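Chemist: If you read the sequences in order, they're chains A and B.
Each number in this note's numbering comes from the position in the first sequence (counting from 1) with 1228 added on.
Each number in this note's numbering comes from the position in the second sequence (counting from 1) with 1228 added on.
Here a beta-carbon is modelled for each residue, glycine too, at the ideal position from N, C-alpha and C.
All values reported here derive from a predicted model rather than from experimental measurement.
There are 2 protein chains.
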Amino acid sequence: MEEFIARGFAATRLDDIAKRAGVAKGTIYLHFKDKESMFEELVRIVIVPVVTKLTALPPPTGSVRELVEAFAGNFLKEVIGTRRGDLVRLIVAEGPRFPAVADFYYREVVSRGIAAMRALIELGIARGEIREKDLARYPQILVAPAMIAVIWQSLFARHAPLDAQEMLRVHLDLIFGERRTT
Amino acid sequence: MEEFIARGFAATRLDDIAKRAGVAKGTIYLHFKDKESMFEELVRIVIVPVVTKLTALPPPTGSVRELVEAFAGNFLKEVIGTRRGDLVRLIVAEGPRFPAVADFYYREVVSRGIAAMRALIELGIARGEIREKDLARYPQILVAPAMIAVIWQSLFARHAPLDAQEMLRVHLDLIFGERRTT
DNA sequence: GTCAATACTGACTGAACAGTCAGTCAACAT
DNA sequence: ATGTTGACTGACTGTTCAGTCAGTATTGAC
């Protein structure tokens, strides 16, 4: 993961990976078919547990806003500013050259995430917590700042650090209306 | 541009670029120091005119929402779903390996864009068109769906096409309140 | 202790490719 | 006509690196 994140797929050397793993290059080929399948398995192994954890939402006590906040909090802790966040950036980067990775990511992460967010938004609208009815048609809007935060931390953190948590709070204020005391 | 977008920096062959340009490989080296500087100049040449055009805002007649809509419309036409959009994705991809590119992009595009958006948001707050005061602290929120649209078109358009224009409209409704008839 | 089975090693191979440079050629000057 | 310039060419070179495989080490059964 470290090597792929730092150099991208094409520029990563298997010698370096082997070295870092404390293993000879040949050993890699006892476990993986080739460089591509190693990259694909990496994505699977790193992404799946996060999706599992994030989709295991807390019992629906309390408001929709609280549910969304719990989700955002987890995302913040597990993804934004972590190695996993860098991997997400890497998927964006390499996606077009790895249809298999892009497909997997769309199927397992994006479409599920969108569906989950849509369900929450519809609940919010039904309960009167969310005014903007059309938001349910574009759950991407709900998630967009979180994704931007992931990319920002990877690319621009050293130019201008971003308080992702606070930004997400402001965004939720925008969607749910009044501020909450936290 | 086509070659770099399709393959990424490391996997792009100068032979292919030369062939596509109808020129011998040696000729490239009469114009560029090496592969890296060619990539950097590409980014400059493609990005600068867009920034110029986008920052040339229309005269401030009408509401702030109209200004933002004009901006979004231009962005939609000039970037989202175009080759330039793909190049933005490429910058996200290669940024960490090309500090020069990431710096340039932050300086010339991101920081300017953020500043321009912040000015518009503050105007909107002053005029009472925007409620959420804290939005001025995170102009990223205003831009986030547009960036997501860029990435979505690159990666997922074939799985689930996205009506970027409509999504941006919904997002502006969220920020400015009531819908406008367009 | 011996033997097989399994896991690991790392020098090697062949292909790909960035960058070079001696040579060609078209355009123009004298 | 002859000479000069400089843009362009593409075969060549040296390097890098994914993938291989003959050989070595480890484990565990008897």
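Tell me the DSSP secondary structure of Val1276(B) in three-state form.
Modeler: As a position in the second sequence, residue 1276(B) is number 48, starting the count at 1. Three-state DSSP puts Val1276(B) in a helix.
Chemist: Taking only beta-carbon positions, decide if Met1266(B) is within less than 9 angstroms of chain A.
Modeler: If you number the second sequence from 1, residue 1266(B) lands on position 38. Chain A contact via Cβ: absent.
Chemist: Do we get a CB-CB distance below 9 angstroms when we pair Arg1355(A) with the residues of chain B?
Modeler: Stepping through the first sequence from its first residue, residue 1355(A) is reached at position 127. Closer than 9 angstroms: no.
Chemist: Could one say the Cβ of Gln1381(B) lies closer than 9 angstroms to chain A's Cβ atoms, at least one of them?
Modeler: Against the second sequence, residue 1381(B) aligns to sequence position 153. False, the Cβ-Cβ gap to chain A never drops below 9 angstroms.
Chemist: Please state if the CB of Met1345(A) and the CB of Val1274(A) are separated by a distance shorter than 9 angstroms.
Modeler: In the first sequence, residue 1274(A) corresponds to position 46, counting from 1. In the first sequence, residue 1345(A) corresponds to position 117, counting from 1. No, Cβ-Cβ distance for Val1274(A) and Met1345(A) is not below 9 angstroms.
Chemist: Going residue by residue through the segment 1338-1373 of chain A, where are the continuous alpha helix (DSSP H) segments of at least 4 residues, counting only ones entirely within it?
Modeler: Segments of the alpha helix (DSSP H) lying fully in the segment 1338-1373 of chain A: 1339-1354.
Chemist: For the alpha helix (DSSP H) that Ile1256(A) lies in, which residues bound it at each end?
Modeler: In the first sequence, residue 1256(A) corresponds to position 28, counting from 1. It spans Lys1253 to His1259 - the alpha helix (DSSP H) in which Ile1256(A) sits, taken as one unbroken run.
Chemist: Any idea what DSSP makes of Met1395(B), helix, strand or coil?
Modeler: Numbered from its first residue, the second sequence carries residue 1395(B) at position 167. In this structure, Met1395(B) counts as helix in the three-state DSSP scheme.
Chemist: Please report the Cβ distance between Ala1377(B) and Ala1392(B), rounded to the nearest whole angstrom; I am assuming they are in contact, meaning their Cβ atoms lie under 8 angstroms.
Modeler: Here residue 1377(B) is taken as the residue at index 149 of the second sequence, counted from 1. Here residue 1392(B) is taken as the residue at index 164 of the second sequence, counted from 1. Confirmed, about 4 angstroms.
Chemist: Residues of the segment 1338-1369 of chain A in Cβ contact with chain B at a cutoff of 9 angstroms, in chain order, please.
Modeler: Cβ contacts with chain B come from Val1338, Ser1339, Ile1342, Arg1359, Glu1360, Asp1362, Leu1363, Arg1365, Tyr1366, Gln1368 and Ile1369.
Chemist: Would you call the CB atoms of Thr1240(A) and Ala1249(A) closer than 9 angstroms?
Modeler: Working through the first sequence from its first residue, we reach residue 1240(A) at position 12. Working through the first sequence from its first residue, we reach residue 1249(A) at position 21. No, Cβ-Cβ distance for Thr1240(A) and Ala1249(A) is not below 9 angstroms.
Chemist: CA-CA distance, Phe1243(A) and Lys1253(A)?
Modeler: For the purposes of this step, residue 1243(A) is taken as residue 15 along the first sequence, with counting starting at 1. For the purposes of this step, residue 1253(A) is taken as residue 25 along the first sequence, with counting starting at 1. Looking at the sequence provided, one finds Asp at residue 1243(A) rather than Phe. For Asp1243(A) and Lys1253(A), the distance between alpha carbons rounds to 6 angstroms.
Chemist: With a cut-off of 8 angstroms, do at least 3 Cβ pairs link the segment 1347-1356 of chain A to the segment 1285-1305 of chain A?
Modeler: The segment 1347-1356 of chain A vs the segment 1285-1305 of chain A: in contact.
Chemist: Taking the C-alpha atoms as reference points, what is the distance between Glu1269(A) and Pro1288(B)?
Modeler: Against the first sequence, residue 1269(A) aligns to sequence position 41. Against the second sequence, residue 1288(B) aligns to sequence position 60. Looking at the two C-alpha atoms, the distance is approximately 53 angstroms.
Chemist: Please name the residue, chosen from Leu1318(A), Arg1312(A), Ala1385(A) and Leu1370(A), that lies closest to Ala1238(A) on a Cα-to-Cα basis.
Modeler: Position 10 of the first sequence, counting from 1, holds the residue named residue 1238(A). The shortest C-alpha separation from Ala1238(A) is found at Leu1318(A).
Chemist: For Pro1324(A), count neighbouring C-beta atoms within 10 Å of its own C-beta (all shown protein chains included) and say buried if the count is 16 or more, exposed if not.
Modeler: Taking the first sequence and counting its residues from 1, the one referred to as residue 1324(A) is at position 96. Pro1324(A) should be labelled buried.
Chemist: By the three-class DSSP mapping on this structure, what secondary structure does Ala1388(A) have?
Modeler: Residue mapping note: residue 1388(A) aligns to position 160 of the first sequence, counting from 1. The answer is coil: DSSP assigns Ala1388(A) none of H, G, I, E or B.
Chemist: Against chain A, does Tyr1257(B) count as a neighbour if the rule is that its beta carbon must be under 9 angstroms from one of theirs?
Modeler: Within the second sequence, residue 1257(B) is the residue found at index 29, counting from 1. With 9 angstroms as the cut-off, Tyr1257(B) does not count as an interface residue toward chain A.
Chemist: Which whole-angstrom value is the C-beta distance of Ala1191(B) and Ala1374(B), which I expect to be below 8 angstroms?
Modeler: Outside the modelled stretch of chain B, which goes from 1229 to 1410, sits residue 1191(B), for which no answer is possible.
Chemist: Flag Ile1308(B) as yes if its beta-carbon sits less than 9 angstroms from any beta-carbon of chain A, otherwise no.
Modeler: Residue 1308(B) sits at position 80 when you count from the first residue of the second sequence. Not closer than 9 angstroms to any Cβ of chain A, the Cβ of Ile1308(B) fails to qualify, so no.
Chemist: Compile a chain-ordered list of the residues in the segment 1307-1327 of chain A whose CB is closer than 9 angstroms to at least one CB of chain B.
Modeler: If the cut-off is 9 angstroms between Cβ atoms, the segment 1307-1327 of chain A has Asp1314, Arg1317, Leu1318, Ile1319, Val1320, Ala1321, Glu1322, Gly1323, Pro1324 and Arg1325 near chain B.
Chemist: Quick check: is the beta carbon of Ser1271(B) nearer than 9 angstroms to any beta carbon in chain A?
Modeler: Looking up residue 1271(B) in the second sequence gives position 43. Looking at the sequence shown, residue 1271(B) is not Ser but Val. Not one chain A Cβ lies under 9 angstroms of Val1271(B).
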